[in-house]
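Report on one structure; see the data block that follows.
Numbering (full-length UniProt numbering), first residue to last: 1 to 142.
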């Protein structure tokens, strides 16, 4: 058979194989595309949690890293579910409550505008009286 009648995928007499070169380039391209798709899918929970609170974002990011290094998909699923849930903001009300409790503890009983007892006004015995010890006890628990 004459060489001009051979199909294009048959290698020529010089040993060049154009189909193998094309398929090699195609294979490298597909591997890079699948890898990019994998990385985008893997970072989906982190991109979803990016708009949420900082603590929630950090937990989702750690779950994503654990799933990446251990190849256990349950961590990725947990991160995805955590990213989909909007957690309420507990820290702001708790800070407000803590500030209010601290102000209540600093106020002397019976006098709303009482100032805290300073060390300069303390009697020479070293103790500032019953109110001072009660106030110290409150500070130790707050």
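Even glycine gets a Cβ: it sits at the ideal position worked out from N, Cα and C.
All values reported here derive from a predicted model rather than from experimental measurement.
Anyone know if the C-beta pair for residue 87 and residue 56 falls short of 8 angstroms? yes
The ligand MN heavy atom lying under 7 angstroms from the CB of residue 84: This structure lacks the ligand MN, and indeed carries no ligand of any kind.
Classify residue 89 as helix, strand or coil using the three-state DSSP reduction. coil
From 52, 42, 51, 37, pick the residue whose C-alpha is nearest to that of residue 65; which is it? 42
Label residue 62 either buried or exposed according to how many other C-beta atoms from any shown protein chain fall within 10 Å of its C-beta, with 16 as the threshold for buried. By the neighbour-count criterion, in which 16 or more other beta carbons inside 10 Å mark a residue as buried, residue 62 falls on the exposed side.
Helix, strand or coil at residue 67 [DSSP, three-state]: Reduced to three states, the DSSP call for residue 67 is helix.
Let's see if you can read the secondary structure: which residues bound the alpha helix (DSSP H) around residue 74? 73 to 84
Classify residue 96: buried if its beta carbon has 16 or more other beta carbons within 10 angstroms, exposed otherwise. exposed
Would DSSP call residue 15 helix, strand or coil? coil
Determine the direct distance from the alpha carbon of residue 53 to that of residue 22, and round the result to whole angstroms. About 48 angstroms.
6 angstroms CB neighbourhood of residue 80 in its chain, flanking five on each side removed: 45
Buried or exposed: where does residue 16 fall if 16 or more other Cβ atoms within 10 Å of its Cβ makes it buried? Residue 16 comes out exposed.
Segment limits, alpha helix (DSSP H) that includes residue 107: Looking at the DSSP string, residue 107 is not in any alpha helix (DSSP H), and its letter there is neither H nor E.
Excluding the 5 residues flanking residue 35 on each side, which residues of the same chain have their C-beta closer than 7 angstroms to its C-beta? Excluding positions up to five away in sequence, the list is empty.
For residue 78, collect the residues of the same chain with a Cβ closer than 8 angstroms to its Cβ; drop the 5 residues on either side in sequence, then sort them by chain order. 63
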